[in-house]
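**Student:** Below is the structure I would like to discuss, written out as structure tokens.
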Amino acid sequence: MERYSKVGMQELDQRLSKIVEAARKKPVSVYRYGAPWVWIVSQDDWQGALKEVSSYIPTGHSLVLLRPQIDEVLDSHRDQLQAEPGMSIAPHTVVHILLLQLLYSVPSEQQLHEQLNYNLLFRWFVGLDLHQKVWGIHALQRDIATLLDNPHAVQLIQKIIGEVFCGALLHMPEFSLNFALLHTWLARHSHLSTTSN
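When the count follows my numbering, it moves up by one through the sequence shown with no breaks and lands on 260 for the last residue.
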């Protein structure tokens, strides 16, 4: 037995109040031109559907397993990640975003922004829930540029890659670490080491 019912547009027009009443008991799928169009659901069903984004993330995923070590390094160097004037995204969140760009070799900030909109793993990793809007692309680009201007922040990213990921990368084929991008960030600060493990 289906856990929801289906109606067509014509039936919806004729019986709207009764269909809405029926939706209080179980969701109703409204079809238009033979294809699903919208759902009518009760408030309780809607709230139940808005699960935490973490409930969709496999507990054994490599990023999940390494997250505590990443956060430990970030917490111990929190004083190096002070928000600069005009930043709208927390600095530790920007570090998480940049780690995703490195680990998955996302080629541009535009594509990184797109991934943050629909990739549940990315959303979970940077602390966005299902109902939260992603920052605008211009705010994201501005805050990334601001953080990358901070030599201590860039050094911290290198430290996380070196201490948390480098030993694990051989056993975690889902990562495709972009060392060239990391070297580009490091090269902006001549007094930082441009070598990586």
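Here a beta-carbon is modelled for each residue, glycine too, at the ideal position from N, C-alpha and C.
Quick check: the stretch 147-156 against the stretch 234-254, are there 3 or more CB pairs under 8 Å?
**Tutor:** no
**Student:** Roughly how many whole angstroms lie between the Cα atoms of Q73 and Q145?
**Tutor:** For Q73 and Q145, the distance between alpha carbons rounds to 58 Å.
**Student:** Sorted by chain position, which residues of the same chain lie with C-beta nearer than 6 Å to T209's C-beta, five sequence neighbours on each side aside?
**Tutor:** E147, M150
**Student:** Could you tell me the alpha carbon to alpha carbon distance between Q21 and E226, rounded to whole angstroms?
**Tutor:** With the chain covering only 64 through 260, there is no way to say anything about residue 21.
**Student:** Got a sec, what are the start and stop residues for the beta strand (DSSP E) V70 sits in?
**Tutor:** 68-71
**Student:** Hey, would you say I152 sits closer than 7 Å to W198, going by beta carbons?
**Tutor:** yes
**Student:** What does the Cβ neighbour count give for H176, buried or exposed, with the cut at 16 atoms within 10 Å?
**Tutor:** buried
**Student:** Need the endpoints of the alpha helix (DSSP H) that Q204 sits in, please.
**Tutor:** Secondary structure note for Q204: its alpha helix (DSSP H) is the uninterrupted segment 200-211.
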